[in-house]
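Each position in the sequence shown, counted from 1, maps to that position plus 34 in this note's numbering.
Quick reminder that beta carbons are idealized off the backbone N, C-alpha and C, glycines included.
Predicted model, so just to flag it, every value in this text is computed and none were measured.
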Amino acid sequence: MTSSSLGRRLVACLLNVSEARRKDLVETVARAALYNTEGVRREGTTVLNIFNDHDYNRSVITIVASIDSIGEAVLSACEKACGLIDMRVHTGVHPCMGAVDLVPIYPLGEEVGVEDCAKEARAVAQGLTERVQGTSAFLFGWADSPLQRGLAQRRKEMGWFKKTPDWQAIRPDVGPQPQERFGITGVGASPYVMNCNVTIDTQDIAMGRGIATAIRESTPGGLPGVQVLALPHEGAVEIACNVESVKGSPPSHVTAGQLWPSFSIGGQLYCHAPASLITTWVAELAARQGVGAKGAALVGFTPLECRGLAELALSQGIAEFWKEQNKIRM
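Have a look at this one:
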């Protein structure tokens, strides 16, 4: 199989698990996506990146495989995570509801549509609740058929932002009433969602929330596709952004002269706000209040980076690419 044909069949899962302080545990979860219970490698599967955040106590594991293989890889990782992470003793600044908190599946090439990813996502939700008794899931994006409610809306409906969720009030889409041991897992599909976090040099969370409100999509004049939280982080405030891909070209009034990266799924053009633009907006809003920006971080990759690195990893037979990427991508 050539590199180009690999790229057209690939999908990515940015698996969010509620653990970062035990990195060996998180790597064990990542390896469960790559190897079966006998230790035999799953061909055509790679873990590109593991992003750990100690304060959030949350990790994002970037798993890439073909559309035909992604389900088993992700399910195996979820099963391992549920066996190792107990939400009854979890602590962290970032809101979360599940040992496996989020399972989004994204297409990376023209031959895979979002509906294909949605079908796999629904199968993962069903498979998890069957393999791990007591787990439950809610669906979002294209997997939430026919409503296709977005992740932000579904999180609000589930009570994701509450410090102590009312488990008896939650109605999962798949599985039994949620148990505190496992919590509830969000499973969905959409065009690629990038994560970009910008840290401002203050502990004033109210200021951070004001900046978050100013840039989020739902605010008039905000950035299309950008969902935002302001969270305390390492003695400062982090403006944590989910950057959703949006259809077509960006409105000219928000581009600020910057090129929005674009890609195509099934002949439909999508684009996303560049991390540089988000960083600039946050820095300017903070500077108006006498506060500087300390830095920005991508949690993983842009859509085009993800596809390119996946093709590289798979063409070279590298399963645990997260160990190698600093040698290749500085």
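Which one of the options has the shortest CA to CA distance from residue i?
i, options, result
"residue 128", "231, 356, 57, 102", "231"
"residue 45", "339, 315, 359", "339"
"residue 211", "132, 318, 257, 252", "132"
"residue 95", "62, 260, 48", "48"
"residue 316", "288, 282, 249", "249"
"residue 123", "217, 182, 188, 152", "217"
"residue 162", "51, 342, 304, 116", "116"
"residue 226", "359, 265, 303, 130", "303"
"residue 305", "314, 288, 313", "288"
"residue 130", "179, 92, 70", "92"
"residue 215", "70, 153, 134, 126", "134"
"residue 341", "265, 155, 141", "141"
Using 8 angstroms for Cβ pairs, my map puts residue i next to residue j. What's the rounded Cβ distance?
i, j, result
"residue 224", "residue 148", "6 angstroms"
"residue 335", "residue 83", "7 angstroms"
"residue 255", "residue 280", "At roughly 15 angstroms, the Cβ-Cβ gap does not stay under 8 angstroms, so residue 255 and residue 280 are not in contact."
"residue 89", "residue 267", "5 angstroms"
"residue 182", "residue 175", "6 angstroms"
Skipping 5 residues on each side, what residues in its chain have a beta carbon closer than 6 angstroms to that of residue i?
i, result
"residue 350", "none"
"residue 150", "101"
"residue 32", "Residue 32 falls outside the range modelled here, since the chain spans only 35 to 364, and no answer is possible."
"residue 185", "174"
"residue 291", "none"
"residue 357", "none"
Residues in the same chain with beta-carbon distance under 8 angstroms from residue i, minus the five sequence neighbours each way, listed in chain order, please.
i, result
"residue 158", "105, 108, 109, 112, 137, 139, 221"
"residue 195", "129, 189"
Can you list, in chain order, the residues of its chain with a C-beta nearer than 7 angstroms to that of residue i? Leave out the 5 residues immediately preceding and following it.
i, result
"residue 80", "98, 344, 347, 348, 352, 353, 355"
"residue 43", "100, 101, 143, 145, 146"
"residue 103", "76, 78, 79"
"residue 319", "245, 248"
"residue 333", "85, 94, 229, 231"
Alpha carbon to alpha carbon, what distance is there between residue j and residue i?
i, j, result
"residue 237", "residue 331", "19 angstroms"
"residue 53", "residue 297", "32 angstroms"
"residue 65", "residue 58", "10 angstroms"
"residue 228", "residue 73", "31 angstroms"
"residue 41", "residue 114", "Residue placement at residue 41 is flagged as unreliable, the pLDDT there being 47, under the threshold of 50; the coordinate-derived value follows with that caveat. Rounded to whole angstroms, residue 41 to residue 114 spans 28 angstroms at the Cα level."
"residue 213", "residue 206", "11 angstroms"
"residue 251", "residue 299", "22 angstroms"
"residue 63", "residue 240", "36 angstroms"
"residue 322", "residue 234", "12 angstroms"
"residue 265", "residue 313", "16 angstroms"
"residue 50", "residue 125", "15 angstroms"
Would a check of beta-carbon distances place residue i closer than 9 angstroms to chain D?
i, result
"residue 328", "This model lacks chain D altogether; it includes just one protein chain."
Item to check | Inter-stretch contact at 8 angstroms, needing at least 3 Cβ pairs: the stretch 234-251 / the stretch 197-211 | outcome: no
Next on the checklist: Is it the case that the stretch 161-168 contacts the stretch 322-342, given that we only count it when at least three CB pairs across the two stretches are under 8 angstroms?
Outcome noted: no
Checklist entry - Taking three-plus beta-carbon pairs below 8 angstroms as touching, is the stretch 303-319 in contact with the stretch 271-280? => result yes
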